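Whatever position you read off the sequence shown (first residue = 1), add 594 for our numbering.
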Amino acid sequence: MMLSSEQHTPLMTLLRVSTIVAPERLETTDILMAGGKIIALGNDLDTPKGWPIRVVEAHDLTAVPAFIDQHVHVTGGGGEGGCGTRCPEISAREIASMGIGTVVGVLGTDSISRSPADMLAKVRGLGAEGISAFMYTGAYRVPPPTLTGDIQRDLAWIPEVIGLGEVAISDHRSSQPRQDEIERIVSDTRVGAMLAGKRGICHFHIGDGKRGLEPLRRLLAETEIPADQVIPTHVNRHPALLEEAADYALTFKASVDVTAFEDAGDGLSAFDAVSRLLELGVPPERITMSSDCNGSLPEFDANGTYLGMKVARNTTLIADWQRLVREGVLPLEAALGLISTNVARVLGLHARKGRIAIGFDADVTLLDSELQPQQTFVAGKCVYDVSNTE
């Protein structure tokens with residue numbers, strides 16, 4: 595009996611690689627994936643004869659957990675200089691070509707011409723193209739725009755919504771939320787997430803205002819909200835803010851997120867920021883990196899007048915991460931936490947992502963000796979292959 599073309603589609607994929615860093619180094623070199631999961635690890639794994647299976651012979655490549663970018667303007671950011679300054683959407687290929695298998699979409703300054711509904715449509719579109727995609731409800735402003743009219747309902751009823759963000763504080767573009775407003779939206783996010791069985795983090799955009807992280811310090815010091823509920827990002831915007839972020843992380847045993855700015859300006863590159871945080875004693879497991887890609891990189895004068903902008907890309911994220919490994923700031927095993935294992939824990943996805951282990955999502959990136967992504971697998975399917983130029 596002939597098989598249909600659908601039946602000819604491989605049900606399994608077997609990766610044969612040089613090394614598996616899971617993020618700890620394994621003695622095994624084979625990864626068997628089926629049904630979107632990793633189902634076996636071993637050496638010289640046998641597979642049932644006659645079964646539809648794709649074997650990838652990659653004996654010169656290293657397998658690592660596919661990277662996770664928790665801050666992506668998937669529908670494009672920008673707009674601070676008018677409609678002509680809106681940034682473009684990101685494509686699935688742009689994501690996967692950097693070894694990234696999972697993204698979390700954010701809205702930024704503009705939640706008028708863009709909306710959580712646009713975000714959800716884009717996230718589902720990326721999912722249809724093979725990327726594992728989630729989103730935060732809300733945007734810069736408070737009260738946050740939502741899909742259902744309520745933060746808790748968004749978290750409870752919409753699978754793709756895993757938190758609130760990016761809420762802007764200490765920034766002239768923020769809605770200048772009062773302390774009680776910050777406490778209320780974080781509390782709503784926490785309860786909605788509990789009802790949905792999610793982590794429900796609040797992802798806070800930190801501007802270059804003089805208040806810095808003070809609103810979040812007060813939140814954690816004066817309420818019962820746990821530190822792992824709150825993630826400040828862009829903490830490398832300027833040196834003083836990074837120093838404050840180190841103290842914040844150590845005081846509250848909290849995580850902080852470093853942005854891979856293409857042009858750090860008066861701030862620090864992601865490479866320099868991670869290096870400095872480590873020097874100040876912040877444990878590597880408390881640090882994450884994200885790209886802010888397809889967001890705007892606006893320039894303002896001292897009075898807050900818009901001067902111009904660039905569009906952020908995710909290439910800097912991978913370049914700065916590679917440099918941390920190449921220059922010996924962190925070994926590969928620990929560095930993977932910055933863009934994979936730690937991020938999965940922060941987002942509450944650590945039971946299924948951020949590791950190469952049996953039962954975990956089959957999200958695997960294959961790196962060459964220069965740490966360049968050659969192939970990216972998400973849920974066991976190859977969504978990027980450097981040799982495919984289409």
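We put the CB at the ideal spot given by N, CA and C, even for glycine. This structure is a prediction, so every number in the text was calculated from the model and none was measured.
Each residue's CA atom was taken as its position, placing Met713 and Ser769 some 21 Å apart.
Assignment of Gln823 by DSSP, reduced to helix, strand and coil, places it in the helix class.
Here His766 is exposed. Its C-beta has fewer than 16 other C-beta atoms within 10 Å.
Looking only at Ile694, Pro659, Thr783 and Leu941, the smallest Cα-Cα distance to Trp751 is reached by Thr783. Judged by beta-carbon spacing, Ala840 lies within the 9 Å limit of Leu874, meaning their Cβ atoms are closer than that value.
Counting only runs of 4 or more residues that sit fully inside the stretch 760-823, the alpha helix (DSSP H) segments are 773-790 and 808-816, in chain order. Arg793 counts as buried, since at least 16 other C-beta atoms from the protein chains shown sit within 10 angstroms of its C-beta. Secondary structure within the stretch 711-759: the alpha helix (DSSP H) runs of 4 or more consecutive residues, fully enclosed, are 745-751 (chain order). For Val940, the uninterrupted alpha helix (DSSP H) run begins and ends at Asn936 to Leu941, by DSSP.
Proximity of the stretch 824-833 to the stretch 846-859 meets the contact definition, three or more beta-carbon pairs being nearer than 8 Å. Rounded to whole angstroms, the Cβ separation of Leu911 and Ala854 is 4 Å, and the two are in contact under 8 Å. Arg680 carries a strand assignment under DSSP once its states are collapsed to helix, strand and coil. In this structure, DSSP gives Ala616 a state outside helix and strand, which the three-state scheme calls coil. Beyond the five residues adjoining it in sequence on each side, Met627 comes within less than 8 Å, by CB distance, of Met606, Thr607, Leu608, Leu609, Ile633, Ala956, Val958, Phe971 and Gly974 in the same chain, given in chain order.
Comparing C-alpha distances from Glu808 to each of Gly743, Pro771 and Leu789 shows the shortest one belongs to Pro771.
Counting other Cβ atoms within 10 Å of its Cβ, Asn936 reaches 16 or more and is therefore classed as buried. Sixteen is the threshold: when 16 or more other Cβ atoms of the shown chains lie within 10 Å of the Cβ of Arg708, as they do, the residue is buried. Listed as beta-bridge partners of Arg648 by DSSP are Thr607. For Ser869, the enclosing alpha helix (DSSP H) stretches over residues Ala864 to Glu873. The residues Gly693, Ile694, Ile933 and Ser934, in chain order, have a CB closer than 6 Å to that of Phe661 in the same chain once the five nearest residues on each side in sequence are set aside.
If you compare the alpha carbons of Ala722, Glu760, Leu749 and Arg907 with that of Val736, the shortest gap goes to Glu760. Note on geometry: alpha-carbon atoms of Leu814 and Pro820 lie some 7 Å from one another. In this structure the stretch 773-790 lies against the stretch 739-757, because at least three pairs of beta carbons, one per stretch, are closer than 8 Å. When the alpha-carbon of Pro617 is set against those of Ala657, Glu921, Val649 and Gly630, the nearest one is in Ala657. Membership of Ile689 in any beta strand (DSSP E) is not indicated; the residue belongs instead to the alpha helix (DSSP H) covering Ala686 to Ala690. Note that the C-beta distance between Met729 and Gly699 is below 9 Å. Assigned with DSSP and collapsed to three states, Gly629 falls in coil, not helix or strand. Straight through space, the alpha carbons of Ser705 and Gly670 are spaced by roughly 11 Å. The continuous alpha helix (DSSP H) containing Gln916 extends over residues Thr909 to Arg920.
Per the Cβ contact rule, the stretch 857-871 is in contact with the stretch 911-924 (3 or more Cβ pairs under 8 Å). The three-state reading of DSSP puts Gly931 in helix, counting H, G and I together. When secondary structure is reduced to three states using DSSP, Thr845 falls in the helix class. Here Asn897 is exposed. Its C-beta has fewer than 16 other C-beta atoms within 10 Å.
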